[in-house]
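Residue numbers (my numbering): 2 to 75.
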Ligand code: HEC
């Protein structure tokens, strides 16, 4: 995957994704994503365990979340 430059960043993607799909229950920061990206890929990309809500990301949004995390959540 080409992360230089990254397609997805906190500013153009991550912040909005977390706000829309996670912030009603979790207070995740960009630093939390960077500290352990694998955990977040596991729960929200590889599986659809999260979010535990009726508003769920599309498949494309989950893929984008995974790409952002795979690049280290820049
Ligand atoms: C409607 C509330 C809700 C939303 C929205 C939500 N979560 Fe959670 N999440 C929970 C609860 C409750 C738990 C703890 C209970 C459990 O593990 O089943 C949890 C646990 C987790 C865990 C720990 C899992 C583990 O195995 O230890 C992670 C990581 C996580 N959520 C990530 C996310 C991400 C990323 C999003 C957004 C895409 C999200 N959550 C959205 C309620 C929510």
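For each residue, glycine too, the CB sits at the ideal point set by N, CA and C.
query, result
"In the DSSP assignment, find the alpha helix (DSSP H) that holds residue 67 and state where it starts and stops.", "60 to 71"
"Tell me the rounded alpha-carbon separation between residue 71 and residue 38.", "7 Å"
"Please report the distance separating the alpha-carbon of residue 63 from that of residue 55.", "15 Å"
"Can you say whether residue 23 is buried or exposed, counting buried as having 16 or more other CB atoms within 10 angstroms of its CB?", "buried"
"Can you list, in chain order, the residues of its chain with a C-beta nearer than 7 Å to that of residue 68? Leave out the 5 residues immediately preceding and following it.", "2, 8, 9"
"Counting by C-beta, which residues lie closer than 6 Å to a heavy atom of the ligand HEC, in chain order?", "22, 23, 25, 26, 27, 40, 41, 44, 45, 51, 52, 53, 54"
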